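Single-structure report; data block below.
In our numbering, the protein residues as written are 32 to 465.
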């Protein structure tokens, strides 16, 4: 028989295939971490007997056996015709591109796929290495301002008789958090998949507890803190619009002088966010005085969206050239003529390739991270690249240019552009062979 939600299932398999094309095999793992807990907790257990159970013939079953029954039911449900068609659809969409990529790149594609997934997880790929507790710091930051309600969520979970759906959301969060924490390579954005289930649970906890009388201090106290924080931010940012950056010119000239133009831009554009902070804080404080917490959360969630849009559209554009590779990539396109070969030496950042839309030769030997002769191999690759391409350009870090390029090669590489992106100082070099 056809599955009652046939079209939804086929759409889910299609979206999973597209996610796999976007993020690789990691998409499958993330989907399973979200789906399996919910299915195991809500799928009826498979019943082996054919007669009705009685109190004497069927003693209470152990939880492990109940889990086995649910797992068995879940596995057999995958043999449904709709699931089989969905799996075939998923394999057709995802594997077709992987097959074409392998035919085009050969073993290099397999190596890249392995490096970007397994090596990143194990730490052999040394990019973004972070300690085990890293996400305990970044997750509350990413949840701001709602992270101040996390104690309330903990209290709600402890006192609540959890339904299967609520428990499945908790397992989704816990398993995904543990999976990414086990990885050696960590970035805050990796935890974006668990922000929706956290938001759902947090919203449910806030609404339920706000309807209880008397109101718990774990609800009222964070609400007052959030409203006061918005009020202070509004007052501070509004005051900052009248501060002239010239006041800082005599402070830390060597370190801070270069940031004065950036400070001038930011101070001239935060007037709108400051007014929104003050307006939102005033409305929230009024709802708290009236103890209308449901209205409070509605206004808070509705007001934060335009506030973030105002901040992103005014404050972030001046900062972006200092933290993003986009500005430097634009400069690369202005300097390097079309069809002229260029490479990244000793380090690779995909952002330069993405924003410049240009093919780049990679000279960093990522598969030799632990080898003592790694730099010798990279230097030989650079020598071969420059001999083969006399008009080529080289992008690298400034300290690599000074310390990791042999003197014989450094003399023929002329700096044409230097720029800081984030904490790294980059330099673009042009080959001038003798």
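Heads up, the beta-carbon is just placed ideally off N, CA and C, and yes, glycines get one too. Everything numeric in this text was worked out from a predicted model, so none of it was measured.
Note down, in chain order, each residue of its chain lying with its Cβ closer than 8 Å to the Cβ of residue i, except the 5 sequence neighbours on either side.
| i | result |
| --- | --- |
| residue 172 | 178 and 219 |
| residue 373 | 363, 367, 389, 391, 392, 423, 424, 425 and 426 |
| residue 257 | 176, 179, 315 and 331 |
| residue 338 | 304, 307, 308 and 311 |
| residue 247 | 183, 186 and 240 |
| residue 133 | 140 and 141 |
| residue 354 | 452 and 453 |
| residue 208 | 166, 170, 222 and 225 |
| residue 395 | 375, 376, 377, 378, 379 and 409 |
What is the DSSP secondary structure of residue i, counted as helix, strand or coil?
| i | result |
| --- | --- |
| residue 25 | Beyond the ends of the chain as shown, which are 32 and 465, falls residue 25; an answer cannot be given. |
| residue 435 | coil |
| residue 346 | coil |
| residue 171 | helix |
| residue 451 | strand |
| residue 159 | coil |
| residue 36 | coil |
| residue 380 | coil |
| residue 339 | helix |
| residue 46 | helix |
| residue 404 | coil |
| residue 321 | coil |
| residue 265 | helix |
| residue 420 | coil |
| residue 356 | coil |
| residue 88 | Confidence at residue 88 is low in this model, with a pLDDT of 46, below 50, so its placement is unreliable and no value can be given for it. |
| residue 117 | helix |
| residue 111 | coil |
| residue 316 | helix |
| residue 78 | Residue confidence for residue 78 is low, a pLDDT of 48 falling below 50, so the modelled location carries little weight; the figure read from the coordinates is stated next. Looking at residue 78 - three-state DSSP - the assignment turns out to be coil, as it is neither helix nor strand. |
| residue 182 | helix |
| residue 385 | helix |
Give every residue of the same chain whose Cβ lies closer than 6 Å to the Cβ of residue i, excluding the five residues on either side of it in the sequence, and list them in chain order.
| i | result |
| --- | --- |
| residue 342 | 304 |
| residue 456 | 429 |
| residue 65 | 203 |
| residue 182 | 249 |
| residue 262 | 312 |
| residue 169 | 219 |
| residue 325 | 241 |
| residue 458 | 429, 432, 446 and 449 |
| residue 88 | Note that residue 88 scores a pLDDT of 46, beneath 50, so its modelled location is shaky; the value from the coordinates is reported in the next line. Nothing listed; no residue qualifies. |
| residue 206 | 64 |
Please name the residue or residues paired with residue i in a DSSP beta bridge.
| i | result |
| --- | --- |
| residue 374 | 392 and 425 |
| residue 192 | DSSP, once it has assigned bridges, lists no residue as partnering residue 192. |
| residue 462 | 444 |
| residue 456 | 451 |
Assign residue i to one of two classes, buried (16 or more other C-beta atoms within 10 Å of its C-beta) or exposed (fewer than that).
| i | result |
| --- | --- |
| residue 411 | exposed |
| residue 228 | buried |
| residue 68 | buried |
| residue 382 | exposed |
| residue 151 | buried |
| residue 376 | buried |
| residue 236 | buried |
| residue 194 | exposed |
| residue 217 | buried |
| residue 385 | exposed |
| residue 452 | buried |
| residue 437 | exposed |
| residue 225 | buried |
| residue 318 | buried |
So, for residue i: in the same chain, excluding its five sequence neighbours on each side, which residues have a beta-carbon less than 7 Å away from its beta-carbon?
| i | result |
| --- | --- |
| residue 136 | none |
| residue 301 | 268, 271, 272, 345 and 346 |
| residue 387 | 360, 363 and 364 |
| residue 212 | 163 and 166 |
| residue 125 | 48, 51 and 52 |
| residue 406 | 435 |
| residue 86 | Reliability of the predicted coordinates at residue 86 is poor, the pLDDT of 47 falling under 50, and no value is obtained from them. |
| residue 56 | 148 |
| residue 421 | 462 and 464 |
Say the cut is 7 Å; is the CB of residue i nearer than that to a heavy atom of the ligand PLP?
| i | result |
| --- | --- |
| residue 369 | This structure lacks the ligand PLP; in fact it carries no ligand of any kind. |
In the region 198 to 262, which residue ranges form an unbroken alpha helix (DSSP H) of at least 4 residues, counting only runs that do not cross its ends?
-> 226 to 241
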